[in-house]
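First the structure, in the form of structure tokens, and then the observations on it.
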Amino acid sequence: MRVATVEQVQGFTLVELIAVVILIGILAAVGVGLFASRSAFSPLLASQQLASATLLAQQAALAGNEAGSLSVTQGADDFVFTVGPGTPSEREFRMSRNGTGLSVSGASFPISFSDLGRPDTSGDVLFTFSGNSTFTVCLSSLGAVYGGGC
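For the sequence shown, our numbering begins at 27 and goes up steadily by one.
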């Protein structure tokens with residue numbers, strides 16, 4: 027009696043290889059735009075840095091720390107995010123502007139926070155970072171920080 031043996035072939039099918047090449051092509055086409063120029067994503071980075079600095083100032087205010095305020099200044103080449111300006115606990119964060127500008131409506135700097143984490147403003151504050159693209163950050167009157175309009 028003869029036993030039939032089945033030969034197992036290892037490797038990828040042509041369909042799998044083509045699918046991978048297509049996926050790599052799509053990712054390359056979409057991703058290369060992010061790395062083409064820094065000014066394309068500088069407004070996004072600045073808006074994220076603002077949100078982080080705002081949350082740090084709120085946490086300081088909630089903890090009863092004297093550094094419960096935030097200031098942002100625009101230099102010729104960079105943004106300076108300062109948590110607790112003028113206090114011994116002052117912390118500065120700098121990032122390159124790369125053609126990005128900031129406009130603020132609803133408040134002026136520095137923005138102080140209450141012991142409940144609410145900003146001492148008359149209402150919502152809208153921060154707009156603009157350059158090759160535009161990103162907005164809202165600081166609500168209750169202290170919530172989120173991307174988008176108020």
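Backbone N, C-alpha and C define an ideal beta-carbon position, used for all residues, glycine too. Remember, predicted model here, so these are calculated numbers, not experimental data.
The beta carbons of Ala83 and Gly94 sit about 6 Å from each other, so the pair counts as a contact at 8 Å. Note: Cys164 is bridge-paired with Leu152 and Tyr172 in the DSSP secondary-structure output.
Between Val109 and Leu96, the CB-CB gap stays under 8 Å. Between the region 161 to 170 and the region 137 to 150, the count of Cβ pairs shorter than 8 Å is three or higher; the stretches touch. A direct Cα-to-Cα measurement between Leu88 and Ser115 gives close to 15 Å.
By the Cβ-count criterion, Ser140 is exposed, with fewer than 16 other Cβ atoms from all chains shown falling within 10 Å of its own Cβ.
Rounded to the nearest whole angstrom, the CA to CA distance from Thr154 to Pro136 is 17 Å. Taking C-beta separations shorter than 6 Å and ignoring five residues to either side along the sequence, Gly57 has no partners in its chain. In terms of CA proximity to Gly132, Val151 leads the group Met121, Leu43 and Val151. The C-beta distance from Gly173 to Ser73 rounds to 6 Å, short enough to meet the 8 Å contact threshold. Taking all protein chains in view, the Cβ of Arg123 is crowded by 16 or more other Cβ atoms within 10 Å, so the residue is classified as buried. Buried is the label assigned to Phe161, since at least 16 other Cβ atoms lie within 10 Å of its Cβ. Listed in chain order, the non-local C-beta contacts of Ala79 below 7 Å within the same chain comprise Leu96, Phe107, Val109 and Phe119, local neighbours out to five positions each way being set aside. With contacts defined by Cβ atoms closer than 8 Å, Pro69 and Gly149 do not form a contacting pair. Here the alpha carbons of Arg28 and Gly37 stand approximately 29 Å from one another. The DSSP assignment places no complete alpha helix (DSSP H) segment of no fewer than 4 residues inside the region 81 to 136.
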